[in-house]
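Heads up, the thing below is written out as structure tokens.
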Amino acid sequence: ADTVDTTALLAWVREFARLIEEHRDLLTELDSAIGDADHGVNLHRGMSAVVAALAEDTPDRPAELFKRTGMTLVSTVGGASGPLYGTAFLRMSAAAGDAETLDGADVAKILRAALDGVVARGKAQAGDKTMYDALAPAVAGLEEAVGNGQPLSHALGIAVRAAEQGREATIPMVARKGRASYLGERSAGHPDPGATSVTLLVVAAAAALA
Ligand code: ADP
Ligand code: MG
Ligand code: MG
Numbered sequence: 002a003d004t005v006d007t008t009a010l011l012a013w014v015r016e017f018a019r020l021i022e023e024h025r026d027l028l029t030e031l032d033s034a035i036g037d038a039d040h041g042v043n044l045h046r047g048m049s050a051v052v053a054a055l056a057e058d059t060p061d062r063p064a065e066l067f068k069r070t071g072m073t074l075v076s077t078v079g080g081a082s083g084p085l086y087g088t089a090f091l092r093m094s095a096a097a098g099d100a101e102t103l104d105g106a107d108v109a110k111i112l113r114a115a116l117d118g119v120v121a122r123g124k125a126q127a128g129d130k131t132m133y134d135a136l137a138p139a140v141a142g143l144e145e146a147v148g149n150g151q152p153l154s155h156a157l158g159i160a161v162r163a164a165e166q167g168r169e170a171t172i173p174m175v176a177r178k179g180r181a182s183y184l185g186e187r188s189a190g191h192p193d194p195g196a197t198s199v200t201l202l203v204v205a206a207a208a209a210l211a
């Protein structure tokens with residue numbers, strides 16, 4: 002659809018939770034190579050809590066959906082990724098304002114706000130081998146496609162490919178942020194766990210909002 006409502010955005014968050022559950026062990030394996038082997042477990046715990054919170058009381062605005070998601074992630078995930086994902090969703094909430102529906106430009110705007118939140122919180126730059134390296138190209142691709150008048154479904158397909166390329170590009174990188182940075186050169190040769198999980202967020206958007 003070219004305009005998405007709270008129900009569609011709720012489907013996005015739920016699809017992200019489903020993909021995190023499906024890829025929990027992969028995410029944890031990736032984090033065992035260059036971190037402390039908890040990324041899949043952390044996000045699965047958080048997104049399960051999000052799904053439960055949203056089932057209890059269905060939000061009636063996009064901003065409320067994202068706010069509850071972000072607050073639940075902050076209070077249940079911990080580690081580096083809890084505050085980062087939490088901030089991302091809280092920034093999406095602020096960017097959604099009091100809108101009841103979002104068009105393609107709005108979806109690009111909220112994901113740009115999410116990326117800005119990740120940067121404000123974690124200070125990552127391009128090439129640091131973090132979730133930034135998948136989310137930033139996805140947001141840029143989405144903005145460009147929406148700006149060129151592409152329908153949201155097509156623009157999200159472009160964003161998915163950009164995120165996947167960004168995730169693959171983290172493999173040779175040497176980590177400069179987070180636990181993986183403690184490994185120095187030995188962090189090279191593995192995909193970044195957070196770049197992998199944030200790619201799932203974009204994949205979920207393409208599946209639920211298209
Ligand atoms: P922890 O490292 O505390 O165990 P997780 O394993 O849940 O937390 O998350 C690790 C992921 O967090 C990394 O793969 C990376 O993508 C992301 N990350 C860590 N630090 C930063 C940062 N400063 N900025 C952006 N992303 C970061
Ligand atoms: Mg970890
Ligand atoms: Mg940890």
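Numbering (the UniProt record's numbering), first residue to last: 2 to 211. The beta carbon of each residue, even a glycine, is placed where N, CA and C say it ideally should be.
Since I believe Val203 is in contact with Ala139 (beta carbons under 8 Å), could you give me their beta-carbon distance rounded to a whole number of angstroms? Cβ atoms of Ala139 and Val203 come within 8 Å of each other, at about 5 Å.
Give the straight-line distance between the Cα atoms of Leu184 and Lys130, rounded to the nearest whole angstrom. Roughly 12 Å separates the two Cα atoms.
Tell me whether Asp39, by its Cβ, gets closer than 7 Å to a heavy atom of ligand 3. yes
Ala50 to Thr73, Cα distance in whole Å? 7 Å
Helix, strand or coil for Asp6? Go by DSSP, reduced to three states. strand
Determine the direct distance from the alpha carbon of Glu186 to that of Asp6, and round the result to whole angstroms. Put simply, the backbone Cα of Asp6 is about 45 Å away from that of Glu186.
Cβ separation of Asp32 and Pro192, assumed to be a contact under 8 Å, to the nearest whole Å: 10 Å between Cβ atoms; not a contact.
Quick test of the definition: if touching needs 3 or more C-beta pairs under 8 Å, does the stretch 95-105 touch the stretch 75-85? no
Compute every distance between the C-beta of Gly83 and the non-hydrogen atoms of ligand 3, then say whether any falls below 7 Å. Checking the Cβ of Gly83 against ligand 3 gives no.
When you compare the stretch 48-67 with the stretch 163-182, are there three or more beta-carbon pairs, one atom per stretch, that lie closer than 8 Å? no
By Cβ distance below 8 Å, which residues in the same chain neighbour Arg62 in space, the five residues on each side in sequence not counted? Thr7, Ala97, Asp99, Ala100, Glu101
What are the residues that DSSP puts in a beta bridge with Thr102? Paired residues: Asp6.
Arg19 beta carbon near ligand 2 (any heavy atom closer than 7 Å): At a threshold of 7 Å, Arg19 does not count as near ligand 2, since its beta carbon sits no closer than that to any of the ligand's heavy atoms.
Would you kindly work out how many angstroms separate the C-alpha atoms of Trp13 and Ala207, rounded to a whole number? 8 Å
Kindly list the residues whose CB is nearer than 8 Å to the CB of Ala18, restricted to its own chain and excluding five residues on each side of it in sequence; keep chain order. Met48, Ser49, Val51, Val52
Quick check on this structure: which residue in Glu145, Leu91, Asp107 has the alpha carbon closest to the alpha carbon of Ala121? Leu91
Just mark Ile172 as buried or exposed, buried being the case when its beta carbon has 16 or more other beta carbons within 10 Å. exposed
What number of angstroms, rounded off, separates the C-alpha of Leu116 from the C-alpha of Asp107? 14 Å
Considering only residues of the same chain and omitting the five flanking positions on each side of Leu20, which have a CB-CB separation below 6 Å? Leu201, Ala205
Glu180: CB within 7 Å of a non-hydrogen atom of ligand 1: A small fix is needed here, since residue 180 is Arg in this sequence, not Glu. Within the cutoff, so yes.
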